[in-house]
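Residue numbers (my numbering), protein chains in the order written: chain A, 1 to 359; chain B, 1001 to 1174.
Everything below concerns the one structure shown next.
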Amino acid sequence: MKNNEKVLIKGNYAIAQAAINAGCQCYFGYPMTPQTEIGEYLSSKMPELGRGFVCAESELAAINMVIGAVSTGVKAMTTSSSCAVALMQEALSYACGDEVPVVLVNVMRAGPGLGYIYPAQGDYNQSVYGGGNGDYKIIVLAPSTVQECVNYTYRAFYLAQKYRNPVILLADGLLGQMMEPASFGENPYPEVDVSSWALTGAKGREGRAIYSCAPDEKKQIQHIYNLFRKFEVIAENETSYDEFEVEDADIILTAFGSMTRNIKAAMKVLREKGIKAGCFRPITLSPFPSKRINELAKQGKDFVVVEMNMGQMLKDVEYSVKGQSKVSLINRPCGEWLSVEEIVSSVEKMVEVSYAAGI
Amino acid sequence: MEKNFILAGFGGQGILLAGTILANAFMLDDKNVTWYPCYGAEMRGGTVNCEIVVSDNEVSSVHKQDTDYALVLNQQSFDKFVQRVKSGGTIIANSTLVAESHPRNDIKYVFAPMGEMANELGTSKVTNVVSLGVLASVCDIVNKASLALGIEKVLGEKKKDLLPLNIKALNMYD
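Have a look at this one:
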């Protein structure tokens, strides 16, 4: 599938096909609802294309296999869901320290612990802040439609190699399981030259090693400063977001991932009811678009964060707003997505309370 | 315009496939559309459902509290989803497996013996496609010709020989 014809396709299959188009040479994974279709799809397609597919013995093994593969300069990925992504945190810290371009797709389900297979957005903190050790940052992209699953999968492979840094595509069970028309087109990103660092065999050149261990204290300090300089460049170049009707808005609904669709619809209903609502939706959760949120907050616009967790992105919005305006939360921990009606009525109540209090 | 459809029945009745055909038909009509299944352990015997949302604009939420149309192929699904139909909405039921009843006054009812109609064609396996034909007859925005193209798309090259039977099934109800 490499043309502009629209096909009705599941989010999971769309991610898998986009990975193929992006040039993913190796896939390592382990089944887990609600992302199992990604591995299922690739288990037949990858061998047909002469590429690698390994159903690993565990998620822990899978992500370490990815580290091995991408160290040789090829594109590779693993996919999983929440509680198994928890297992991968150590490897993400290593991949960041090693500066290797790991691509990880997390199709979120409910937690904590084993939780259940219903969709949720409870891995915001896990993705953005991570559970690995040391100072490290991951690039996190959050699609809201099946078309964006395609687009951001392309982008994930590109950014990973461009910055030699792990990238997480953070989807959710709803997006993974739903079908929607999407077109694949061609991977729009150029190939990244990896020849200066990839482990391709030392014939005819000096040997190389990739490791995150520096017994020399000065070197380790310098390494971390270098990493953080890189993160600054990433933040400068790659921070992205969508905003809708924020110019005249008094109140800005903010969501990530597939909840974006619901806040956009709620915004329209609220506007029909005379409440000046806008929408803001980070595409990169890390780097987070704090600067833009702060600009909007300085204009006196209040923020309402809508998410399927107990208030995780809320903290980043609060940090970005820096007390310049009011930040509230509409949420549910997991399961049935907050409906447009629920969001509208919650916002209406907030507006009434503010009005009564003379704010 | 945004309308949603819940399709529900036993696991094994081809509910998710019927939903896929319907969503393909809407896509072929150049509409925005989403298909969202209940997912998990419901394979055979349990109840299964999917929701299709079609819109001239961007589809808002893919999973809604209530529905414009419910297409139900068994009794359990009728009992459950008759409560979720919007006031003024329509429930379309397979009377082969659903007892005719009218528990609410504010919605429309269509009962058709979809299972028996499929059996007339020699197999109950096409009950799902018969049900889509019934849906097309009572719902303006569902186009039978597009459904036929949707069936063709879903069957693909491998199962092309099943196309004539399914087209017959689609046209059983008028």
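Positions of the beta carbon are idealized from the N, C-alpha and C atoms, including for glycine.
Can you look up residue i in the DSSP assignment and give me helix, strand or coil?
i	result
residue 1167 of chain B	helix
residue 214 of chain A	coil
residue 180 of chain A	strand
residue 261 of chain A	helix
residue 1143 of chain B	coil
residue 272 of chain A	helix
residue 331 of chain A	strand
residue 1023 of chain B	helix
residue 199 of chain A	coil
residue 1108 of chain B	strand
residue 239 of chain A	coil
residue 325 of chain A	coil
residue 138 of chain A	coil
residue 127 of chain A	helix
residue 1121 of chain B	coil
residue 246 of chain A	coil
residue 189 of chain A	coil
residue 118 of chain A	strand
For residue i, write down the residues that DSSP places opposite it in a beta bridge.
i	result
residue 1051 of chain B	B:1006, B:1036
residue 108 of chain A	A:172
residue 253 of chain A	A:279, A:304
residue 103 of chain A	A:77, A:167
residue 143 of chain A	Partner(s): none; residue 143 of chain A has no beta bridge.
residue 286 of chain A	A:140
Let me know if residue i comes out buried or exposed under the rule of 16 or more other beta-carbons within 10 Å of its beta-carbon.
i	result
residue 28 of chain A	buried
residue 1123 of chain B	exposed
residue 198 of chain A	buried
residue 307 of chain A	buried
residue 1102 of chain B	exposed
residue 312 of chain A	buried
residue 10 of chain A	buried
residue 81 of chain A	buried
residue 127 of chain A	buried
residue 1131 of chain B	buried
residue 209 of chain A	exposed
List, in order along the chain, the chain A residues whose C-beta lies closer than 9 Å to that of residue i?
i	result
residue 1018 of chain B	None at all; the shortest Cβ gap to chain A is about 13 Å.
residue 1172 of chain B	The premise fails here: residue 1172 of chain B is roughly 25 Å from chain A at the closest Cβ pair, so nothing lies under 9 Å.
residue 1033 of chain B	8, 179, 180, 181
residue 1001 of chain B	Chain A residues near residue 1001 of chain B: none, gap ~14 Å exceeds 9 Å.
Against residue i, what residues of chain B qualify as contacts under a CB-to-CB distance less than 8 Å, listed in chain order?
i	result
residue 177 of chain A	1036, 1037, 1039
residue 174 of chain A	1036, 1062, 1063
I want to verify the contact list: residues of chain B whose CB lies under 9 Å from the CB of residue i, in sequence order.
i	result
residue 275 of chain A	Residues of chain B passing the Cβ test: none, with the nearest at roughly 17 Å.
Which bits of chain B does residue i rub up against, with CB to CB less than 7 Å?
i	result
residue 34 of chain A	1039
Taking CB distances under 9 Å as the criterion, tell me whether residue i reaches chain E.
i	result
residue 1100 of chain B	Absent from the structure: chain E. Protein chains present are A and B.
So which residues on chain A does residue i lean against when the C-beta distance must stay under 8 Å?
i	result
residue 1061 of chain B	261, 262, 265, 337, 339, 340
residue 1024 of chain B	8
residue 1027 of chain B	6, 8, 181
Is residue i near the ligand COA, in the sense that its beta carbon is under 8 Å from a heavy atom of that ligand?
i	result
residue 1173 of chain B	Absent from the structure shown: the ligand COA. Ligands present: none.
### Task
Output the residue ranges of the alpha helix (DSSP H) runs that lie fully inside the segment 9 to 96 of chain A and measure 4 residues or longer, sorted by chain position.
11 to 22, 36 to 48, 59 to 70, 82 to 87
### Task
Entirely within the segment 1055 to 1102 of chain B and at least 4 residues each: give me those alpha helix (DSSP H) ranges in chain order.
1075 to 1081
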